[in-house]
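The structure under discussion appears below in the form of structure tokens.
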Amino acid sequence: MTLSVCDLDPADRHRSVSAHFAEHCAAVTDWHAPTPVAGWRTRDVVEHLIGWSREFLSVGGLVLSADLPRGDDLGKAWGVHCAEVQALLDGPESRAPFTHPYAGTHVLAEAIDRFYTADVFMHTWDLAISAGRAPQLDPQFAATLVDGMSAMDDVLRSSGQYGPAVAVPTDADPVTRLAAFIGRDPRWRP
18 MTLSVCDLDP
28 ADRHRSVSAH
38 FAEHCAAVTD
48 WHAPTPVAGW
58 RTRDVVEHLI
68 GWSREFLSVG
78 GLVLSADLPR
88 GDDLGKAWGV
98 HCAEVQALLD
108 GPESRAPFTH
118 PYAGTHVLAE
128 AIDRFYTADV
138 FMHTWDLAIS
148 AGRAPQLDPQ
158 FAATLVDGMS
168 AMDDVLRSSG
178 QYGPAVAVPT
188 DADPVTRLAA
198 FIGRDPRWRP
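What follows is the structure, encoded as structure tokens:
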């Protein structure tokens with residue numbers, strides 16, 4: 018029986034999800050290729066995840082210190098960034114309160130898990146599909162995410178961070194349902 022990332026604690030879930038994303042980063046041959054996110058190139062997906070998460074942590078008082086590689090070595094930048102986030106999750110501060118003015122107060126590990134690791138998981142689909150690869154995402158975690166996000170549909174749509182949901186058959190697999198829920202066309206191909 019394969020363990021779902023749902024069964025992992027936040028540190029191990031991040032380790033697994035970010036490593037899977039890194040595998041797709043390593044397979045990218047064109048950092049300027051289009052993605053299923055309208056107007057985004059493959060490099061934008063990686064830069065988005067690195068940029069917003071560092072800003073999120075910084076606003077909450079945690080500044081990641083690594084000097085990230087610049088240019089087209091986004092796989093290396095991803096690795097350095099993930100190592101810093103993982104160090105937070107593996108360290109004693111992971112259980113400390115973390116307060117963000119918009120997200121509220123959470124235990125740090127739970128804030129990273131809820132807001133960032135979930136986003137890495139969802140953007141793995143974008144990066145994989147743009148490279149012509151199968152995303153190979155955990156269907157149980159995809160189902161958990163789409164079920165939880167569905168309960169906040171109006172709030173998520175009004176944030177401007179998600180496009181309109183794309184209609185898919187009611188019997189679509191959980192990964193397809195998640196991609197469609199966050200506004201991606203599951204039929205999109207490069």
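Under the numbering used here, residues 18 to 207 are what the sequence shown spells out, in order.
Each residue gets a CB set at the ideal place from its N, CA and C atoms; glycine is no exception.
Legend entry - 8 Å Cβ cutoff met for S4 and T59: Given that the chain is displayed from residue 18 to residue 207, the structure contains no residue 4 and the question cannot be resolved.
Legend entry - Cβ-heavy atom distance, V76 to the ligand FAD, below 7 Å: Looking at this structure, you won't find the ligand FAD or any other ligand, since it has none at all.
Legend entry - Touch test, the region 109-128 against the region 37-44, Cβ-Cβ under 8 Å, three pairs minimum: Short answer: they don't touch.
Legend entry - Identity of the residue in S70, G78 and V124 nearest C99 by Cα: S70
Inset, instruction - Measure the alpha-carbon distance for W142 versus L74 and round it to whole angstroms. - result: 24 Å
Inset, instruction - With a 10 Å radius around its C-beta and 16 neighbouring C-beta atoms as the bar for buried, classify H140 as buried or exposed. - result: buried
Inset, instruction - Starting from V124, follow the beta strand (DSSP E) in both directions and report where the run begins and ends. - result: G121 to V124
Inset, instruction - To the nearest angstrom, report how far apart R206 and A197 are at their CA atoms. - result: 14 Å
Legend entry - Three-state secondary structure (DSSP) of R58: In the structure shown, the three-state DSSP call for R58 is strand.
Legend entry - Where T116 sits in the DSSP three-state scheme: strand
Inset, instruction - Given a cut-off of 8 Å, decide if L105 and A129 are closer than it, judged by their beta-carbon atoms. - result: Note on residue identity: the sequence assigns Ile, not Ala, to residue 129. Yes, these two residues count as a Cβ contact at 8 Å.
Inset, instruction - Could you check the C-alpha separation between V124 and V22 for me, to the nearest Å? - result: 19 Å
Inset, instruction - State buried or exposed for R32, treating a residue as buried only when at least 16 other CB atoms are found within 10 Å of its CB. - result: buried
Inset, instruction - Classify P207 as helix, strand or coil using the three-state DSSP reduction. - result: coil
Inset, instruction - Report the rounded CA-to-CA distance for M169 versus L20, giving the unit in angstroms. - result: 27 Å
Inset, instruction - On the DSSP bridge assignment, give the partners of P51 in chain order. - result: R58
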